Amino acid sequence: METMIFHLRYFRNDPKAYFVLNTRARSGTNAGKAAPGKDKAMIDIRKFDTLGHANHGWLDARHHFSFADYYEPARMGWGALRVWNDDAIAAQSGFPAHPHRDMEIITYVRSGAISHRDSMGNAGRTAAGDVQVMSAGTGVMHSEFNLEDEETTLFQIWIMPTQEGGNPGWGQREFPKADRSGRFVTLASGIEGDDDALPIRADARVAAATVEAGEKLAYDLGPGRHAYLVAAKGRIRVNGQDADPRDGIAIRDVGTIEVEALDDAELVLVDSL
């Protein structure tokens, strides 16, 4: 029960977005929205050691945005992106069945594997480098367990849907790292034209790339959009600013994001309104 209560706590700027068990009121604004008249390029590097942190023994979690007992008014979201958790889940442990609604939940497995079951009858194992998505819609129960004999590490990313409601859904896919060498490949998207990706119900894209040390790549960011970039491994330089592995990089009002790999790097990026 303690693990479920932990997972069901959620920040309070949109209580309808999630079933909440913790009744402590919190308020905040969407820090991802630009203030009126502010259109200067912004690249904000959020160092790994400044992220929210909770170690429950079976789960060692870092929170890029306000989540559970971590509350930071300046980090309530970035565009439609609401949650980016950097989780390490001990072997033979995980999250028991718990509910979600009105949220697009993307799980990017970095090492090990995660096993999923839900109230729709879906079950699957998602291994390192691969992705699963769940559209919570009007409501779904699911569990996520590390059934491996080793620790599993992953990024769990939550994005607000364009519209509430709809039937819940789930899917998973393999995304070989070799296919994204030196370029961003779209993993999940609700943007028109991103046909070769897992579908989500949001004006957002989740992309990933692997880059060898010394290589550079670019990503064009549309007007009014927000990007959040994390290197799962490797040091990188973003438009001239250096970032370490697992730092969060919040970007807006930048036409082109230029990334240089200082080490061999693995990148994950969310692009949303």
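Take the UniProt record's numbering: the final residue in the sequence shown is number 273, and no numbers are missing along the way.
Just so you know, even glycine gets a beta-carbon here, dropped at the ideal spot from N, CA and C.
All values derive from a computational prediction rather than experimental measurement.
- Of the candidates Asn167, Ala207, Glu151, Val83, Val83 places its Cα closest to the Cα of Leu51.
- The DSSP-derived three-state label of Asp49 is helix.
- A distance below 9 Å separates the beta carbons of Gln156 and Asn85.
- Rounded to whole angstroms, the separation of the alpha carbons of Gly190 and Gln163 is 12 Å.
- Secondary-structure assignment with DSSP links His116 through a beta bridge to Gly124, Glu144.
- Per DSSP, Ser66 lies in no beta strand (DSSP E) segment and is marked neither H nor E.
- Going by C-alpha positions, Leu198 is about 20 Å away from Thr138.
- Pro168 and Val185 have their C-alpha atoms some 25 Å from each other.
- Sequence-distant Cβ neighbours of Pro223 in its own chain, meaning closer than 7 Å and more than five residues away, do not exist here.
- Measuring C-alpha to C-alpha distances from Asp69 to each of Lys233, Gly94, Asn55, Ala80 identifies Asn55 as the nearest.
- Contiguous beta strand (DSSP E) elements confined to the segment 201 to 232 occur at 204 to 211, 216 to 220, taking only those with 3 or more residues.
- For Arg180, the secondary structure class from DSSP, reduced to helix, strand or coil, is helix.
- Residue environment: Ser135 is assigned as buried (16 or more neighbouring CB atoms within 10 Å of its CB, all protein chains considered).
- Residue state for Val109 is assigned as strand, using DSSP reduced to three classes.
- Assigned with DSSP and collapsed to three states, Pro96 falls in strand.
- Sequence-distant partners of Glu215 (beyond 5 residues in either direction) whose C-beta falls short of 7 Å from its own C-beta, in its chain, are Gly182, Ala261.
- In the structure shown, the three-state DSSP call for Val254 is coil.
- When beta bridges are read from the DSSP output, Phe155 appears opposite Asp86, Tyr108.
- Between the C-alpha atoms of Val270 and His64 there is a straight-line separation of about 13 Å.
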